[in-house]
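Numbering (this note's numbering), first residue to last: 2 to 102. Here is the structure we will look at.
And the structure:
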């Protein structure tokens, strides 16, 4: 399976964002982790590309997945044959809200 180009627009300490990172780790996928909290330009780029402000957003080969959990990213990657779905337990929950939500 060919490695897709992945750009993830994530928060440093968010349950949803941590879940997306965990899926990338689970499948040893290379990706660009764009910090939308500490870098306003990266946040603006996410808003321009996705048309909204919710996160995480993950761009896979130019297709934007909006406001997704790690589970949803994993499902998309499997459906597009970028990964063969594994049922291994992860160290971090892949479908967990940010604290306070």
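We treat Cβ as the ideally placed atom computed from N, Cα and C, and that holds for glycine. Fair warning: this is a prediction, and the values are worked out from it, not measured in the lab.
Item, Value
"Would you call residue 2 buried or exposed, if buried means 16 or more other Cβ atoms sit within 10 Å of its Cβ?", "exposed"
"Please report the distance separating the alpha-carbon of residue 1 from that of residue 98.", "The question about residue 1 has no answer here: the residues shown for the chain are numbered 2 through 102."
"Since residue 87 and residue 27 should fall inside the 8 Å C-beta cutoff, what is the C-beta to C-beta distance between them, to a whole number of angstroms?", "7 Å"
"Mapping the DSSP letters down to three states, classify residue 103 as helix, strand or coil.", "There is no way to answer for residue 103, as the model of the chain reaches only from 2 to 102."
"Tell me whether the beta-carbon of residue 24 lies closer than 9 Å to the beta-carbon of residue 63.", "no"
"List in chain order: all unbroken beta strand (DSSP E) runs of 3+ residues lying wholly within the segment 4-48.", "7-11 and 33-36"
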